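Q:
Residue numbers (the working numbering): -17 to 254.
In structure tokens, the structure reads:
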């Protein structure tokens, strides 16, 4: 009988760490990766095959490389695999803010993808978004969707540019849902200027503005600021968020709701 398989969350975290190594070094020998992470060559090939399937890396003869344009900050394919349990828990809590017939404004953050899937069951929504992923989820469920068009950016599967900003100026929604790449002492940051501008422009475009941010985003920064959480009515986060960061948010007058995250499935007896 083989040893117990690690939890899915542990396997996925290792794969994310493998991707990080490949991006940082450009090209890495597969045997070196197996040694670095202390796993068998067979296990490392399985990890890399998972990343290949997501078009995050390319396997060559005994080596692996990342796609030339790939960065950890911008790859949607990478981001959707991060903090999955936390994002699902935040989505479940935030979905209670949505009622039938509402007009919603939703940004392109991977954190809101689970929310889009949950609110798809709410009747007669009107949704405006710059995210093709969000648009497809909700339009596929029969909702009226307005897509904010502009320059399409494949790495985010969404649109940016002056067309998006201009369209946002003429909108008014019941609730807007946004996430942030980094939060430090209530200040919000993003690694790409165009997206920082969109997130900042969304603030004030709805009766109620909601921020969803898991614990991994706190205490970090990025090149482009987009305001602070004082512009938001409500922040959803999980219990692992640093207490000092939550105090900073409350100090800006914004309500914080801390959401419990279920324990991950412990997996089966199969080898990793």
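Note that the Cβ used here is the ideal one computed from N, Cα and C, for glycine as well.
From a predicted model like this one, the values you see are computed outputs, not experimental measurements.
#1: Just to confirm, are residue 158 and residue 94 a CB contact at a threshold of 8 Å?
#2: Can you tell me where the beta strand (DSSP E) with residue 208 in it begins and where it stops?
#3: Could you tell me the boundaries of the alpha helix (DSSP H) in which residue 30 lies?
#4: By Cβ distance, which residues of its chain are closer than 7 Å to residue 76, with the 5 residues on each side in sequence left out?
#5: In whole angstroms, what separates the C-alpha of residue 196 from that of residue 66?
#6: Taking the C-alpha atoms as reference points, what is the distance between residue 74 and residue 44?
#7: Alpha carbon to alpha carbon, how far is residue 19 from residue 244?
#8: Of the choices 152, 114, 86 and 119, whose alpha-carbon is the least far from that of residue 136?
#9: Let me know if residue 148 comes out buried or exposed under the rule of 16 or more other beta-carbons within 10 Å of its beta-carbon.
#10: Buried or exposed for residue 31, going by 16 or more other Cβ atoms inside 10 Å?
#11: Applying the criterion that 16 or more other CB atoms from any shown protein chain within 10 Å of the CB defines a buried residue, is residue 202 buried or exposed?
#12: Quick check on the DSSP output: the alpha helix (DSSP H) that includes residue 200 runs from which residue to which?
#13: When we look at the beta-carbon of residue 223 and count the other beta-carbons within 10 Å, is it buried (16 or more) or exposed?
#14: Following the continuous alpha helix (DSSP H) through residue 95, name the residue where it begins and the one where it ends.
#15: When DSSP labels each residue in this structure, what does residue 19 get in the three-state scheme?
#16: Quick check on this structure: which residue in 146, 4 and 25 has the alpha carbon closest to the alpha carbon of residue 40?
#17: What's the gap between the Cα of residue 120 and the Cα of residue 89?
#18: Quick one: which unbroken beta strand (DSSP E) runs of 3-plus residues sit fully inside the stretch 161 to 187? Chain order, please.
#19: Have a look at 146, 190, 226 and 176 and flag the residue whose alpha-carbon is nearest the alpha-carbon of residue 166.
#20: Starting from the Cα of residue -10, find the closest Cα among 29, 22 and 189 and give me that residue.
#21: State buried or exposed for residue 11, treating a residue as buried only when at least 16 other CB atoms are found within 10 Å of its CB.
A: Put simply:
#1: no
#2: 206 to 210
#3: 23 to 35
#4: Hits under 7 Å: 97, 159, 192, 194 and 218.
#5: 10 Å
#6: 43 Å
#7: 27 Å
#8: 114
#9: exposed
#10: exposed
#11: exposed
#12: Note, residue 200: premise wrong, no alpha helix (DSSP H); not H, not E.
#13: Counting the other CB atoms within 10 Å of its CB gives residue 223 a total of 16 or more, which places it among the buried residues.
#14: 95 to 101
#15: helix
#16: It is 4.
#17: 13 Å
#18: With a minimum length of 3 residues, the continuous beta strand (DSSP E) runs that stay inside the stretch 161 to 187 are 164 to 166 and 169 to 172.
#19: 226
#20: Per the Cα distances, 29.
#21: exposed
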